[in-house]
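Here is the structure we will look at.
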């Protein structure tokens, strides 16, 4: 094969690899940013609520874990999309 | 020795050990191409029976199912008037499932009807998550030979870290709440009930399609939430517990990451395993309650 053509193929391969890495980084990284902000808000609000009404503590704790898990799952949606981009597509 | 002194000693051992290993082996290593961390999650067929072939995931599934039913039946058979510690713990879990998960999100009648399903779901997911953190001799790729006997090396794996098992559970949940909604309101009534009251005309059509889509997305979100949580937990324990050091060939990195592996392991066992089972059961109860509720 012509030398220039081989170089072009190698370069496209490298670019594809770079794109996959960027996909994984963006999926995992931005997902973590969003979920981190969300989890911070949840726990902050729970502390606020419990200090205002300590007698509601048990009920608030239960809702807190529900919200925590739902928010945390959003990180995994990003991560799964990133892993798909990096290893499967 | 006080707790503070003990902590300081442990920290000193950690730092000194790290420095010694860096001094002995250096910070540069050669990349290990032979080691494939993704093979930890590969399913090798052990007994070939066509589509009913037995592999690692099937074994974990069976263990979880047997453990769930056997332990609960055993404890229920020998209930004492004055409960011992195990019975108290089970009663707390029962209370949680009955009052909070089922009772808190559904009407009295629905809760009584669907409590066995939700309870079984909760316990099954809890058990399959928890046995995923016990090292079992399942890794047939790397075998240890002791006196001529081939013993599979110990590894961590969870049935719920495989996409298909959460997917089946989510599909069962989806069909349950659709079936329950259709039984309560009739097919036409159920589809009409998807649109919130007071919305009319073209807007109602658009919202109807959105609601159908969001109902279908529930399968996806239930599946991925459980699957990705457990998989990511196992992956990070794997990498912190030595896979990163083996992959990059740097011994000091293994020493550095081991404490994180222990911490993450404790976090996963103590919180994530139970939390994911709780979330799955709670969302099931919310969906079931929402499907029969009069106004959306």
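Residue numbers (the working numbering), protein chains in the order written: chain H, 9 to 97; chain W, 38 to 333.
Virtual Cβ for every residue (Gly too), placed ideally from N, Cα, C.
Using 8 Å as the limit for Cβ to Cβ distance, is residue i near chain W?
i: residue 72 of chain H; result: no
i: residue 13 of chain H; result: no
i: residue 88 of chain H; result: yes
i: residue 51 of chain H; result: no
i: residue 18 of chain H; result: no
i: residue 93 of chain H; result: no
i: residue 81 of chain H; result: yes
i: residue 77 of chain H; result: yes
Quick check: the Cα distance between residue i and residue j, rounded to an integer number of angstroms?
i: residue 17 of chain H; j: residue 70 of chain W; result: 24 Å
i: residue 234 of chain W; j: residue 241 of chain W; result: 9 Å
i: residue 46 of chain H; j: residue 84 of chain H; result: 13 Å
i: residue 173 of chain W; j: residue 221 of chain W; result: 46 Å
i: residue 268 of chain W; j: residue 199 of chain W; result: 8 Å
i: residue 178 of chain W; j: residue 56 of chain H; result: 52 Å
i: residue 285 of chain W; j: residue 263 of chain W; result: 30 Å
i: residue 322 of chain W; j: residue 253 of chain W; result: 17 Å
i: residue 261 of chain W; j: residue 206 of chain W; result: 12 Å
i: residue 41 of chain W; j: residue 77 of chain W; result: 39 Å
i: residue 300 of chain W; j: residue 176 of chain W; result: 24 Å
i: residue 81 of chain W; j: residue 310 of chain W; result: 25 Å
i: residue 180 of chain W; j: residue 188 of chain W; result: 6 Å
i: residue 136 of chain W; j: residue 50 of chain H; result: 24 Å
i: residue 130 of chain W; j: residue 247 of chain W; result: 37 Å
i: residue 140 of chain W; j: residue 62 of chain W; result: 59 Å
i: residue 117 of chain W; j: residue 89 of chain H; result: 50 Å
i: residue 5 of chain W; j: residue 93 of chain W; result: Outside the modelled stretch of chain W, which goes from 38 to 333, sits residue 5 of chain W, for which no answer is possible.
Hey, quick one: how far does the alpha helix (DSSP H) through residue i stretch, first residue to last?
i: residue 188 of chain W; result: Unbroken run through residue 188 of chain W is the beta strand (DSSP E), 186-192; no alpha helix (DSSP H).
i: residue 207 of chain W; result: 201-222
i: residue 40 of chain H; result: 11-60
i: residue 147 of chain W; result: 145-168
i: residue 93 of chain H; result: Careful: residue 93 of chain H lies outside any alpha helix (DSSP H) and carries neither H nor E.
i: residue 46 of chain W; result: 40-62
i: residue 128 of chain W; result: 122-132
Considering just the uninterrupted stretch of the beta strand (DSSP E) at residue i, what are its terminal residues?
i: residue 176 of chain W; result: 173-183
Counting contacts by CB-CB distance shorter than 8 Å, is residue i in contact with chain H?
i: residue 302 of chain W; result: no
i: residue 196 of chain W; result: no
i: residue 316 of chain W; result: yes
i: residue 319 of chain W; result: yes
Looking only at DSSP bridge pairs, what is residue i linked to?
i: residue 256 of chain W; result: Bridge partners of residue 256 of chain W: none, in fact.
i: residue 91 of chain W; result: W/84
field: Start-end ranges of the alpha helix (DSSP H) lying completely within the stretch 267-301 of chain W, minimum 4 residues
entry: Counting whole runs of 4 or more residues, the stretch 267-301 of chain W contains the alpha helix (DSSP H) stretches 281-285.
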